[in-house]
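Just remember that the numbering used here sits 236 ahead of the position in the sequence shown, which is counted from 1. The structure under discussion appears below in the form of structure tokens.
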Amino acid sequence: MRLFECGSLVPGCDWHTRASDDAEVVRRAVEHMRTAHGETTIRENMVENIKQRIVDEKTADAA
Numbered sequence: 237m238r239l240f241e242c243g244s245l246v247p248g249c250d251w252h253t254r255a256s257d258d259a260e261v262v263r264r265a266v267e268h269m270r271t272a273h274g275e276t277t278i279r280e281n282m283v284e285n286i287k288q289r290i291v292d293e294k295t296a297d298a299a
């Protein structure tokens, strides 16, 4: 499973999501950015920042 923790991008946010593929993780993260953080426009650099912070769940557990 792939894991994204919003707090790695937005300090203080405890939201996270996991899915079997990065595309689904990004989709969920973008929706979260819109609803929880009021982002009305999701720019390409935001998507890239999300992608850079997606990790393999096993790796995250080991850290």
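Ideal placement from N, C-alpha and C gives every residue a C-beta, glycine not left out. These numbers come from a predicted model, not from an experiment.
Assign residue i to one of two classes, buried (16 or more other C-beta atoms within 10 Å of its C-beta) or exposed (fewer than that).
i, result
"ALA272", "exposed"
"THR253", "buried"
With a Cβ-Cβ cutoff of 8 Å, do residue i and residue j count as a contact?
i, j, result
"ASN281", "LEU245", "no"
"VAL262", "VAL283", "yes"
Tell me which same chain residues have a C-beta within less than 7 Å of the C-beta of residue i, skipping the five on either side of it?
i, result
"ASP257", "ARG238"
Looking only at its own chain, which residues have a Cβ that is under 6 Å from the Cβ of residue i, when we skip the five neighbours before and after it?
i, result
"ALA265", "PHE240 and ILE286"
Here's a check: name, in chain order, each residue in its chain whose Cβ is nearer than 8 Å to the Cβ of residue i, leaving out the five neighbours to either side.
i, result
"HIS268", "CYS242, TRP251 and THR253"
* Asked: Residue ranges of each alpha helix (DSSP H) run of no fewer than 4 residues wholly in the stretch 260-290, ordered along the chain?
  -> 280-288
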